[in-house]
Structure formats: C-alpha cells, structure tokens
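Novice: Protein chains in written order, with this note's numbering: chain P, 16 to 416; chain Z, 16 to 416; chain D, 272 to 418; chain L, 272 to 418.
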Amino acid sequence: MIREQFRILSREINGRPLVYFDNAATTQKPDVVINAISEYYQDYNANIHRGIHTLAEKATEAYEGTRRKVKEYINASSSDEVIFTYGTTDGINLAANSLGRATLNKGDEVLISAMEHHSNIVPWQMICEERGAILRVAPINDAGELIYEEYLKLLSEKVKIVSIVHVSNSLGTINPVKKIIADAHAVGAYVLIDGAQAAAHLGVDVQDLDCDLYAFSSHKMFGPTGVGVLYGKRAVLDLMPPYRGGGEMIKEVTFEKTTYNDLPFKFEAGTPNIADVIGFSSAIDYINALDKNSVQEYEKKLLEYGVSKLAEIDGLKFIGTAKDKISVISFIIEDVHPFDIGMMLDAGGVAVRTGHHCTQPLMDYYNIEGTVRASLSIYNTEAEIDILAEKLKAIVKIKRK
Amino acid sequence: MIREQFRILSREINGRPLVYFDNAATTQKPDVVINAISEYYQDYNANIHRGIHTLAEKATEAYEGTRRKVKEYINASSSDEVIFTYGTTDGINLAANSLGRATLNKGDEVLISAMEHHSNIVPWQMICEERGAILRVAPINDAGELIYEEYLKLLSEKVKIVSIVHVSNSLGTINPVKKIIADAHAVGAYVLIDGAQAAAHLGVDVQDLDCDLYAFSSHKMFGPTGVGVLYGKRAVLDLMPPYRGGGEMIKEVTFEKTTYNDLPFKFEAGTPNIADVIGFSSAIDYINALDKNSVQEYEKKLLEYGVSKLAEIDGLKFIGTAKDKISVISFIIEDVHPFDIGMMLDAGGVAVRTGHHCTQPLMDYYNIEGTVRASLSIYNTEAEIDILAEKLKAIVKIKRK
Amino acid sequence: MSDQSINEIQDEIIDEFAILGDDKESTVFYIMELGSNLEPLEDRYRIDSNLIKGCQSKVWLEAELEDDRLVLKADSNTDITKGLISLLIRVLSGQSLDNVINADLYFIEKIGMHNVIGSQRSNGLASMIKQIRLYAIAYKTKLQSQS
Amino acid sequence: MSDQSINEIQDEIIDEFAILGDDKESTVFYIMELGSNLEPLEDRYRIDSNLIKGCQSKVWLEAELEDDRLVLKADSNTDITKGLISLLIRVLSGQSLDNVINADLYFIEKIGMHNVIGSQRSNGLASMIKQIRLYAIAYKTKLQSQS
Ligand SMILES: Cc1ncc(COP(=O)(O)O)c(C=O)c1O
Ligand SMILES: Cc1ncc(COP(=O)(O)O)c(C=O)c1O
Chain P
16 MIREQFRILS
26 REINGRPLVY
36 FDNAATTQKP
46 DVVINAISEY
56 YQDYNANIHR
66 GIHTLAEKAT
76 EAYEGTRRKV
86 KEYINASSSD
96 EVIFTYGTTD
106 GINLAANSLG
116 RATLNKGDEV
126 LISAMEHHSN
136 IVPWQMICEE
146 RGAILRVAPI
156 NDAGELIYEE
166 YLKLLSEKVK
176 IVSIVHVSNS
186 LGTINPVKKI
196 IADAHAVGAY
206 VLIDGAQAAA
216 HLGVDVQDLD
226 CDLYAFSSHK
236 MFGPTGVGVL
246 YGKRAVLDLM
256 PPYRGGGEMI
266 KEVTFEKTTY
276 NDLPFKFEAG
286 TPNIADVIGF
296 SSAIDYINAL
306 DKNSVQEYEK
316 KLLEYGVSKL
326 AEIDGLKFIG
336 TAKDKISVIS
346 FIIEDVHPFD
356 IGMMLDAGGV
366 AVRTGHHCTQ
376 PLMDYYNIEG
386 TVRASLSIYN
396 TEAEIDILAE
406 KLKAIVKIKR
416 K
Chain Z
16 MIREQFRILS
26 REINGRPLVY
36 FDNAATTQKP
46 DVVINAISEY
56 YQDYNANIHR
66 GIHTLAEKAT
76 EAYEGTRRKV
86 KEYINASSSD
96 EVIFTYGTTD
106 GINLAANSLG
116 RATLNKGDEV
126 LISAMEHHSN
136 IVPWQMICEE
146 RGAILRVAPI
156 NDAGELIYEE
166 YLKLLSEKVK
176 IVSIVHVSNS
186 LGTINPVKKI
196 IADAHAVGAY
206 VLIDGAQAAA
216 HLGVDVQDLD
226 CDLYAFSSHK
236 MFGPTGVGVL
246 YGKRAVLDLM
256 PPYRGGGEMI
266 KEVTFEKTTY
276 NDLPFKFEAG
286 TPNIADVIGF
296 SSAIDYINAL
306 DKNSVQEYEK
316 KLLEYGVSKL
326 AEIDGLKFIG
336 TAKDKISVIS
346 FIIEDVHPFD
356 IGMMLDAGGV
366 AVRTGHHCTQ
376 PLMDYYNIEG
386 TVRASLSIYN
396 TEAEIDILAE
406 KLKAIVKIKR
416 K
Chain D
272 MSDQSINEIQ
282 DEIIDEFAIL
292 GDDKESTVFY
302 IMELGSNLEP
312 LEDRYRIDSN
322 LIKGCQSKVW
332 LEAELEDDRL
342 VLKADSNTDI
352 TKGLISLLIR
362 VLSGQSLDNV
372 INADLYFIEK
382 IGMHNVIGSQ
392 RSNGLASMIK
402 QIRLYAIAYK
412 TKLQSQS
Chain L
272 MSDQSINEIQ
282 DEIIDEFAIL
292 GDDKESTVFY
302 IMELGSNLEP
312 LEDRYRIDSN
322 LIKGCQSKVW
332 LEAELEDDRL
342 VLKADSNTDI
352 TKGLISLLIR
362 VLSGQSLDNV
372 INADLYFIEK
382 IGMHNVIGSQ
392 RSNGLASMIK
402 QIRLYAIAYK
412 TKLQSQS
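Structure, rendered in structure tokens:
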C-alpha cells in the first residue's frame, strides 16, 4: 500500500521495473505532496504576509501552518524558532555566516568531524578564513564511528562552534549527538546538527537534544525540492545578525537605517518558496501518519537483509559498519570501479549512487575514490534487494572470468 | 483562451468572481507549468548532476535544459552565465556579498535609486556597513522618474557598483537602463539591474543592455515560487568569490583546501530547487508562445483604460505617472486608508495590494503610508477594470456621505 | 456606564450581523461604517505608549478607571480597524473590572469575524483584547493594594 | 596500422551492436567487456599532461605519430570508459592525420550511445574526440612546418 502512494515506483527503466535505492540523495514523493502543490497553484496562489486579499490570506495561513507543523515535528518550543530555508546547505550557510560573524574571532576554533558532507565543511572553511578562525576535525575509526575520546580532546575553550552530522549520508552512521551537544556546551560552544539524513529516519526532538541549531531538507523526507528548515533556539537566533536582506525581513527601512523584523521573519528575506513550503506540510502529514516504530523496524530489517545478501558477493567490502546506523549500504567491490557498477546496475533498472557522495575527505580517510551506495527507504522491499544482489553477482562474474 | 490556461481565474471569492490584480506580487501559473512540476515528481524525480542512473540523467538534462532556455530568453552569450538562485532577493544578496567583497573598500560608493525595492536596498546597506562603503541614492521626480542629471552628478569614480531597478514595482516606471548602464560603465562601475518586474513585461536582452548582472524571479513571470536567476557576464562572475559553500559548487575538498567548481556551478551549492527550475522552463515556453508585440500592446491598452476609468473617481490620486511605464496602477484616495480600500475590494472579490510594497523610502518621498496597487497582466480584462472602478465608487460614496 | 451586561450586548451584535447574512462585502462595509462613526481620540491620547502596531494599521488604546469600571477609548488610522475597536468598546467599556477580565467574547466567533477580516487581522484583534484585559488586571491589582 | 577505412570499421561496430538489440543492459555489459580487454597503458603515459577529467572517471590519452599515421593509446580508471575509448581507438588509431581530422563519426549516434551512457558521459566522449582531433591537427601543423 505504501508503494501505491508513489506513482514513480511503478515505472520501468530500460524495460525493467525501477528499483530506487538512491533515497539518501532524494526520496520520492507521495501523491499527497504532489497534489498539495498543484492545489495551491490552482486554488490560492498568492504572495504572502503583507497581502490582505483572500488568496494571500489563505496562502499565508497555509505557509504558517507548515511552520507550526514543523515545530511539532521537531518539538521546538515555539514556531518562531523554525526558519524556512532553501535546504540544508542554505541553512548551514546561514548559520556559518551569521553565527560565525557573531562569535568567531582570530584563533577561535570550529569543530567538525571527519565524516561531514561538503555542505557542512565548506561554509565553515569560508567563514573561518574570513574571521581568522581554525577548522578542527574530529577523527573516526574504520567502522565509520566518531572516536569519542578524540572528540573530547579537541573540545577546548577555544572551540566556539561545533557542527556535526546527525546521520552520515555516506556511511549511515548515527552519531551520539545528545552527548556530543552536552559535552560541547560544557566548554561553552554552540552546536549545529546537520540533520539532512536524520529527519526522515529518526524522530528528532530538538529540545531533548538541546542543540542550538538543527538543519534539514524537505526533499530528503518525501517533500518538495527547494525547501529546508533551520531550527534555532530563540536565544541563539536572537544574537545572530540577519543573513539575507530584502523584503519581509525588515520592520522599517530608510536609506539611513533599517530595523529588522522579529523572528522568524528576520531570516526570511524575499518571496519564499511558498508552494513547496505548503507541499512540505503534506510530507510531514504523510510521515506522521505512518507508525514510527514499525517504520524503523522495517528499515532495520531491510538493512540487515541487505547486508546479509551483499556479504555473499565475492570481493565486496562494506564501507561504514557502525553499530548504530540507518539503512544506508555503502560498499566497494575489488577490481571493479563504483562507476562501472552504477552504470551496469542502472542499465538493469537499479538506481544507486556512486562516487564520493560529497564527502571527499571521508573517502580520503578510507583511501578510496568512492563507493556504491544503496540507501533504502520505507517503500523498498527485500525482493528489490534480491535484484540488486543478483545483478552484482553477474557483474562480478564478468569481471572475474 | 488565455484565461482558460489559468484555472484559478475561474474561481469565486465570497460568491463573486475573482478579479486578480496583484500580479506584481506574483503572477498566476498556467496549467502547463503546474503539470510540468507534477510530471517531474511522478516520472523522473532524482537528485541531479553527480548521479549516473537514468532518473538522475533525465532530471539533470531537464534542469540544464532550463538553463539553456533562460540563456535564450535573456540572450546571454553562454548558459554558464545563468546562475539559478531562489529569487531576485537571493540573487541580489549573492551579488552584494560576492561582488561587494570583491570590489568595495572603505569610502567606496554604491549607487541605487529612490524607487528601489527593499530587496535592492537592504543587501547593499549590509555590505556597505561591513566594508565601510557608502550608499548613495539617486532622486526621482513627482512623476516617479529618475532625475537623470542628478544620477549623472552622483556618478563619480568612487562609485564601484550601481544597482537600479529596471521597472518599479510600486510605480510601474520603466527606467532607461541602457543609458544608466553605459554612463555607469564610463566611470568604471559594475551595474546590477533588478529585473523582478521587467522579465514578464518587457523583452530582456542582457547583451544589448550590457549590464554586468541581472536578477529576476520565476514566480513573477508565470513560473513557480522558489526560483530565480542571476545573470552575470562571465568576466564579472569570474572575479566574484563563491557565496554559499557546499555540495556541487566544489571541485575538490580537503580539510586544508577546497577548490571551487567552474561556472555556473561555483554559485549553486547544495541540492537546487530541481522541480521548480524544471517548471520554470514551461513558464518561459508559455511566454515565448505568446506574441510579444500584441501582449505589450494589450497591456498598454489595459493600462490606459484603467487610468481613464479610475481618473473619474472622486479624490483619487495616481502615484507614479511616468511617461514610460508598465501596467501598474498605484493610487490613493483622499480620506480613505489604502487598507480599508483593499479590505473592501477583497470582500467583493477584487484582489489588489495595499501598503508600502516593500518600498518604504519611496513612500516617504511621497509622504504617504502606502498606496493601493492594481497590477495588471495578460489575462486581465477591461470588464475587470470596470468592476474595480464601480467598487471604488461605492466605497467613496459611503465615506463621503 | 453600561447598563447592559456583556453578554446582552454580544447577543445584540450577533443579531445585527445576522441581518447582514453571509455576504462578506456588506459585512465589511458595515464594519467600516461603524468605524467612521467612532469618535476620534483626542490628540493627547494618540501617543506611542498607547500604540498597538499591526501590519498596516495602528491602534491607539487608552483605558481609564471610572467608579470601579473600565472605560475604553481608542482610535486607529484605518476605518475597518476602528470598526472592530468600536465593537470591543461597545461590549467592554463601562463594565466592571472583573467582568472584563472574565468575559467570554463569543460574539467574535459567532459573527464569523475570522472569516471576514482574515487571520492576520484576527491576530491583531486578539492582541487588542489581550491588552484590554491587561489594563483591567493592572487596575484591579492597584485597587487591591490600595485597600 | 589499420588496413580498413574509418567508415568500414564504423559499419562493423554498428553491426556488432545491432546484435545486442535494444537491450541496454547487454549493451553496457558489452562495452564494459571491451573495456576490460583494452591493453593497459604503460605507467609512463599515465601522467597529468595526458589526463582528461570527467565526472567520476579519468582518461589518459596519448597520441603518437607513426609514418604519417596517428597512433592512439589510452586508459581509464573505469571499464566502461575504457570500453568507449577502445571503440574510438579501433576506429581512429592507425589512420592518416587527414582522415582523423575529417572523420564523420556517425557510429556513435547509430549505436544509440547517447541513450546508453547518458548525456554527461556523452559530453565526456565528445571531449575525447575533440582532444584526438587536436592531436591530429597539431601533428599536421608540425609536419607542414617541417616540409
Ligand atoms: C549529511 C548531509 N548534509 C547536507 C546535505 C545537503 O543537503 P541539501 O543538498 O539538501 O542542501 C546532504 C545531502 O546530500 C547530506 O546528506
Ligand atoms: C522590483 C522588485 N525587486 C525585487 C523584488 C523581490 O523579488 P522576490 O521577492 O521574488 O525575491 C520584487 C518583488 O516583490 C520587486 O518587485
């Protein structure tokens, strides 16, 4: 029944049924999300906030309704703490620029981990360079887990910001973010969590985590592209200067002086991505309607099944074997380039991602160019994993002959 | 026939047919645009660029296809000069941050006009403050036209950047941007044109204009929300440092050093708004299929009709009477607050915008709080203007009794 | 001073609006007329400390105590907002502090105000009511500390 | 040295691929097999100046002149790319400079390569062809200036 909600899953690729295993890159969208966007455009498309006519009212209510829904979903203490961005990358850039300027001075440090996505590396490199601050990297072990003692050693009073991924997109590793945050707070650092991969798979409770900032993307959780959220504690958002200037984010503008608007609008300049924010609401409804426990159990079972099936393949080595991980299976096969594997799988209808997955430094750590990554979601099945395993066996057979 | 493409136009508001006169805020979307978005999600939704599977290939081709279409639409010399942003505001912020950092030093000047939208004021205020530069404002006359001699007087060698609106959203004024650009180039300044209101109404030829940067939004030209374009001459984009950091905009990342990608990717970090960029392509197709000359003529006729009808109303004063203007009618009525007019029109199904239209300094110039703005598009009719005029008469009658 | 109870007045308003029916245009026109009939506030009250700022409309609200009763005066730059205020004044001005504090203002929902003025103005209306209650509570505290 | 003309070889390849039919999976497998059979380039040629960088695959391309004919050697880190290169080598290596420069490589379209490898790899293939032509033109210029 789940698959019926996703029309794309019944299409064929090269005459074979599509097997979509690229969910960490972006998930597919259920009909309810696609319909919500069409409905918005057909029924009440209008620019929001300052408009007083009925369409603008309706659009504003729906847009702000998503904000309240996100607040509930991540258990923020107020919807003013929910900033709409254009994606995780945009949210981290906002944070790096704004919190970075507010807190970083020469010699200060920003601490990330060795498994970060480029989107949680480059913005910090850029602001560190601007402010004369230093980027530090907490190392990982071969299983792809943060070496916690090393993290603690790096946590000095010089560290002003810690920015760590909740769930690694290349490895599936779930980081112990609650502890990471508490320890960082103990030295007075602010903590941003990159939740791009977590938001769809784990329940996120920002108050329980006690993070200062939390960034994630709609498109990785069954929602539309072009929308993300940056959650921030009110006190932290209050000390952050605005990032983008423009309409909506101001209270009053004169050429001499501009006063900025209250939260959350201070950080939302210009016409936002109204239609997709509204569509995002339906994606959260969709997730909320599923039973969280059975989803997590199902994904865990899929992961275990996939690992056991793929372990049978000659020369296959898993990259990322953390004890605590989500349903991401990254691997390499001796003497076969990931790209060749990806191309051949695709020719047979199986969509995986190959390459460095925007985590080049992590690949450098493993001394590999890239991996093949099958990232599984709720609509994937064991039968699909069987197809993957069979096709991999055929590929290996050709290569080994 | 045009109206049939826009399903929303046949809906009712409070039991009366919708009259949508808020097109400068955002236009309505034809079916082809709405369908293109649904089709993308149902047929080939995938993350782009680095993917090798069929869906990713198809999505990448469509996304890059929009880039080529935009290139043609604005006559850029290469599609590498077309940067996808999230809107005009985002594009101007990109420009202010990046070009601002590359060119502005203490005492340098940025020159804008008195009719700018907040989105073309605040980003410059922010970067000027950071760099110790000075924001100068070219004045306008009572008709809402740039006073050209004053503009020339302000154009000194100190001016590094000129940023001027092509068409004013509050007044409809069409600025003589080609001359403005040539004169700015003569003193060595770079020129950004805010084309938010121009892109749907005028043909834009960036090579003919010779502007360095040109920013506009999809949602104001029958396309989806959450997409914009920043055009830039290659030489100018090349000297601009990256703005957002993250996936896609890099060539290689190590913790020590990151090398940035080529144009246009250098400026497109993270998963872009794929679905809406693809939908935007259909919006350009839609515009291209119309006959440009007859559209401009039709809008001109509507404007003239609207002005003649509204001129009959007791106590009405037009704000913005430039010789060269698009189909935007801004006005105030003696003793009636714009807000009251807007609320009453809406109760009768007529959607106008009221307030400062994100141009507070312009309102200060006219010494008013705001205006009522009826902004007309291709699907509006004289019959709709008659409805507006009648309702305004009724409002004035109550007030005057 | 009002001789009618808060609920009597509310019911009266509900009846008046019922005559307008479902037609939003007539309802908005009526509210605007109520607004233009509201006596303007003397200039000395139109000061920043009395100001409640909305999106496009400003409201000046002044509350005084006369014989244990709250007397409200208000003004706005827009007629529709004045019309809304005039309804609040009609219901609450001249009532005892306790009645104001405990009032259940059901008329707002009954006349479908949210639908008529939209959610942004409804929020504005809610802050006006909150402000009036705060005035009443403040006066009550003051009276109690004096006794 | 090739005894067959460029077009003869192209037609041969078209026939071979025709046997695979429309099935993309078999076609890609075949290209990969071609790739794994390509003789690896000696290490001394695997240098940065010979490198053409694609999205995920690297290509080293070396072109030498032997008796007025262009001799191509190449390698890649991925088998599929090697398979594509091996087709180019089969068609162009050992041909006269003029024939290489003027060749109409219609086999690429005929075997539906764009559809098989996608537009990003097609762009990569196009840059390889461009690079080979540039080598040929460079050698020709050199020969002319010597004569
Ligand atoms: C861990 C992680 N962080 C950040 C990002 C960037 O997200 P987006 O591309 O939606 O901005 C991704 C997505 O690839 C990710 O997996
Ligand atoms: C002249 C002008 N500039 C800039 C903008 C900002 O555009 P957006 O809100 O799409 O970023 C607008 C839109 O209101 C505009 O009319």
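Where a beta carbon is used, it is the ideal one built from N, C-alpha and C, also for glycine. Nothing here was measured: the structure is a model prediction, and the numbers come from that model.
Could you compute how far the alpha carbon of M130/Z sits from the alpha carbon of V365/Z?
Specialist: 26 Å
Novice: Which residue's Cα is closest to the Cα of I424/P: I176/P, Y166/P, P376/P and G122/P?
Specialist: Any answer about residue 424/P is impossible in this case: the structure gives chain P only from 16 up to 416.
Novice: If we ignore side chains and look at the alpha-carbon of each, how far apart do F280/Z and T41/P end up?
Specialist: 19 Å
Novice: Is there a Cβ from chain P that is less than 8 Å from the Cβ of S328/L?
Specialist: yes
Novice: Just list the residues that DSSP pairs W331/D with in beta bridges.
Specialist: L322/D and D346/D
Novice: Can you find a C-beta in chain L that's less than 8 Å from the C-beta of T274/Z?
Specialist: False, the Cβ-Cβ gap to chain L never drops below 8 Å.
Novice: Given that T75/Z touches chain L, what residues does it touch there, using C-beta distances under 8 Å?
Specialist: In chain order: S390 and Q391.
Novice: Could you tell me the distance, in whole angstroms, from the CA atom of P256/P to the CA atom of N120/P?
Specialist: 16 Å
Novice: Are the CB atoms of G335/P and S185/P within a distance shorter than 8 Å?
Specialist: yes
Novice: What do you get for R259/P, buried or exposed, if any count of 16 or more other CB atoms within 10 angstroms of its CB means buried?
Specialist: buried
Novice: State the start and end residues of the unbroken beta strand (DSSP E) segment that holds V97/P.
Specialist: V97 to T100
Novice: Taking 7 Å as the cut-off, is the beta-carbon of H68/P closer than that to any non-hydrogen atom of ligand 1?
Specialist: no
Novice: Quick one: residues in its chain with C-beta nearer than 7 Å to the C-beta of I410/P, no 5 flanking neighbours on either side, listed in chain order?
Specialist: V351, I356 and M359
Novice: Grab me the residues of Y35/P's own chain with a C-beta within less than 7 Å of its C-beta, minus the 5 sequence neighbours each way, in chain order.
Specialist: L24, Q43 and A366
Novice: So for S392/P, helix, strand or coil by DSSP?
Specialist: coil
Novice: Please confirm whether any heavy atom of ligand 3 lies closer than 7 Å to the CB of Q212/P.
Specialist: Annotation note on ligand 3: not contained in the displayed structure, which lists ligand 1 and ligand 2 as its ligands.
Novice: Are the beta-carbon atoms belonging to H133/Z and G262/P less than 8 Å from one another?
Specialist: yes
Novice: In whole angstroms, what is the alpha-carbon distance linking N193/P and D225/P?
Specialist: One detail in the question is off: residue 193/P reads as Lys in this sequence, not Asn. Straight-line Cα distance between these residues: approximately 7 Å.
Novice: Distance, Cα to Cα, S393/D vs H68/P?
Specialist: 14 Å
Novice: With E267/P as the anchor, note down where its beta strand (DSSP E) starts and where it stops.
Specialist: I265 to V268
Novice: Using the beta-carbon count (16 or more within 10 Å), is Y377/D buried or exposed?
Specialist: exposed
Novice: Excluding sequence positions up to five away, which residues of its chain have a Cβ less than 6 Å from the Cβ of S7/P?
Specialist: Past the boundaries of the shown model lies residue 7/P; chain P is included only from 16 to 416, so the question cannot be answered.
Novice: Does the distance from the CB of A334/L to the CB of I277/L come in under 8 Å?
Specialist: no
Novice: Since R22/Z is in the alpha helix (DSSP H), which residue starts that stretch and which ends it?
Specialist: R22/Z -> no alpha helix (DSSP H), and no H or E assigned at all.
Novice: For a contact defined as C-beta to C-beta under 8 Å, what are the partners of E72/P on chain D?
Specialist: G389, S390 and Q391
Novice: Just mark L305/Z as buried or exposed, buried being the case when its beta carbon has 16 or more other beta carbons within 10 Å.
Specialist: exposed
Novice: Which runs of the alpha helix (DSSP H) fall wholly inside the region 239–285 of chain Z and span at least 4 residues, in chain order?
Specialist: Secondary structure remark: continuous alpha helix (DSSP H) runs of at least 4 residues inside the region 239–285 of chain Z, in chain order: 249–254.
Novice: For my contact list, Q357/D and G306/D are in at a C-beta cut-off of 8 Å; report their separation, rounded to the angstrom.
Specialist: A small correction: the amino acid at residue 357/D is Ser; Gln does not occupy that position in the sequence shown. Contact flag correct, Cβ pair sits at about 6 Å.
Novice: Is there a Cβ of chain Z sitting closer than 8 Å to that of I356/D, yes or no?
Specialist: No, because no Cβ of chain Z sits closer than 8 Å to the Cβ of I356/D.
Novice: May I ask whether a heavy atom of ligand 2 can be found less than 7 Å away from the beta carbon of H181/P?
Specialist: A distance criterion of 7 Å places the beta-carbon of H181/P beyond contact range of ligand 2, judged by its closest non-hydrogen atom.
Novice: Determine the chain D residues that contact M16/Z at a beta-carbon separation under 7 Å, and present them in chain order.
Specialist: Going along chain D, no residue has its Cβ under 7 Å from M16/Z, so there is no contact; the nearest lies around 30 Å.
Novice: For a test of your reading of the model: does the CB of D339/P fall under 7 Å from any non-hydrogen atom of ligand 1? Yes or no.
Specialist: No.
Novice: Helix, strand or coil: which one does DSSP assign to K332/Z?
Specialist: strand
Novice: Whole alpha helix (DSSP H) runs in the region 295–322 of chain L with 4 or more residues, listed along the chain?
Specialist: As far as the region 295–322 of chain L is concerned, its whole alpha helix (DSSP H) runs of at least 4 residues are 295–308.
Novice: Does the beta-carbon of A39/P, which I'm using as the reference point, lie nearer than 7 Å to any heavy atom of ligand 1?
Specialist: True, at least one ligand heavy atom lies under 7 Å from that Cβ.
Novice: Determine the chain L residues that contact F346/P at a beta-carbon separation under 9 Å, and present them in chain order.
Specialist: Neighbours of F346/P on chain L: none; closest Cβ ~16 Å, over 9 Å.
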